[in-house]
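Per our numbering, the sequence shown starts with residue 188, numbered consecutively.
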Amino acid sequence: MRASVTLPAITLMLVMIAYPGRGQVVSVDDSQGLRQAVRSAGPGTTIMLRSGIYEGGIYLQNVEGAPDQPIIIAGEDPENPPVIAGGGSGMQLSEAAHVELRDLVLRGATGNGLNIDDGGSFETPTHHVILRRLMVMEVGPEGNRDGIKLSGVDDFLVEECTVQDWGSGGSAIDMVGCHRGLIRRCVLRDQPGDASNGVQAKGGSRDVIVRGNRFMEAGARAVNIGGSTGLRYFRPEPEGYEARDIVVEGNIFLGSNAPVAFVGVDGATVRFNTIYHPHRWALRILQETREPGFVASRNGVFTDNVIVFTSDGWSEGGVNIGPHTAPETFTFARNVWYCEDRPDRSAPALPTAERDAIVGEDPMLVAPDEGDFSLQEGSPAEGRGHTALPQEDEPAAQR
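As structure tokens, this is what we get:
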């Protein structure tokens, strides 16, 4: 994909051990050591960060492993992970391929906690990236500051990561022009009213699955399927939608003005989620990009979800529909709608008729105040909500 670069041998104090079949293992204990280790790394190299504090603002370019031989950057002790502190971005990877980051803490960046991008080369995206067991926290705090920013990244996995307290106008995980990704088993946590989004997929993003995560007051829109992107930032180029073929499934949502927003989408599915105490709506259907050639937000599917709300946190029948959208193309089926304090007001105001809904019956959550949103035995909501998500094979790109 890019020309290889020959660099001199590392001269800083590093411990290097070769393991047959695994490639070189390098241990580092400061940011400069990490930079030099990455410059010299080849496919199969593992770079271990010893526990301690590392100065943020780490920029890494052209980090390229190979299929089945990724370059791994990891905390040496997962129980006491290294902390990358401060910096505009705590860490930035540009023009990378076959790279895994795991067991790291990124704290206190003023821009984005972790930034991964294609270096502006839209036709050659960064690809095959794994982010596992990262903690990203205390980002910003004001303005459009993201926990994890992905721009032009294909074939990626974000797994078992925690993002908390990101920028007031930003997202915990923000994707611009990203394709074939899986975000699963993550925890995204902020304070009410403190952020815009938990997960956002826009700028031509496609084929992304958001599965089995926990969103705790994760922005005004916990999952923003689509959004508003300047045309020059679409990757690889505008095709008439902000997002397409996005799946949001098996998640728990606590709070947020709207757990889910369909914004300039051309097809997205939201299914088998548990939504508890949203502040205004269960979902929104909006259109923010109105350039010629863009479709009206359309073809959303909202099925098999459990929605528990209160009458004072419910506006417009739980569904906000903006202008220039196509709400008549949306499908609703088998959702559970329950207003705790006024069961007689449980019926939502949907733009199309719903099939096989359960309305006004207590789904009998086990202990939501203690964080257990599973269903009690005998619940009328059996077969719906996050615990009922069918087990499926993950996409081959994320195996």
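Positions of the beta carbon are idealized from the N, C-alpha and C atoms, including for glycine.
{"Asked": "According to DSSP, simplified to helix, strand and coil, what is S276?", "Found": "coil"}
{"Asked": "In this structure, does DSSP put H573 in helix, strand or coil?", "Found": "helix"}
{"Asked": "Mind checking who N302 pairs with in its DSSP beta bridge?", "Found": "Q279, K336"}
{"Asked": "Who are the Cβ neighbours of E290 in its own chain at under 7 Å, not counting the five residues just before and after it?", "Found": "As written in the sequence, residue 290 is Asp, which differs from the Glu given in the question. The answer, listed in chain order, is A261, G262, P265, P268, R320."}
{"Asked": "DSSP on G210, reduced to helix/strand/coil?", "Found": "strand"}
{"Asked": "Would DSSP call G500 helix, strand or coil?", "Found": "helix"}
{"Asked": "Inspect the beta-carbon positions of E325 and G295 and report whether they are closer than 8 Å.", "Found": "yes"}
{"Asked": "Rounded to whole angstroms, what is the Cα-Cα separation between W524 and G399?", "Found": "21 Å"}
{"Asked": "If you pair each beta-carbon of the region 292-309 with each one of the region 269-284, do three or more pairs fall below 8 Å?", "Found": "yes"}
{"Asked": "Could you tell me how far apart the beta carbons of R485 and T516 are, in whole angstroms, since I believe they sit closer than 8 Å?", "Found": "4 Å"}
{"Asked": "For N384, which residues of its own chain have a beta-carbon under 6 Å away from its beta-carbon, when the five flanking residues on both sides are left out?", "Found": "S358, G406, R408, N411"}
{"Asked": "Just to confirm, are V363 and T416 a CB contact at a threshold of 8 Å?", "Found": "yes"}
{"Asked": "Under the DSSP definition of a beta bridge, which residues are partnered with F519?", "Found": "F489, E541"}
{"Asked": "What is the DSSP secondary structure of A430, reduced to helix, strand or coil?", "Found": "strand"}
{"Asked": "Considering V225, what are the terminal residues of the alpha helix (DSSP H) in which it resides?", "Found": "218-227"}
{"Asked": "Can you give the Cα-Cα distance for A575 and F560, rounded to whole angstroms?", "Found": "12 Å"}
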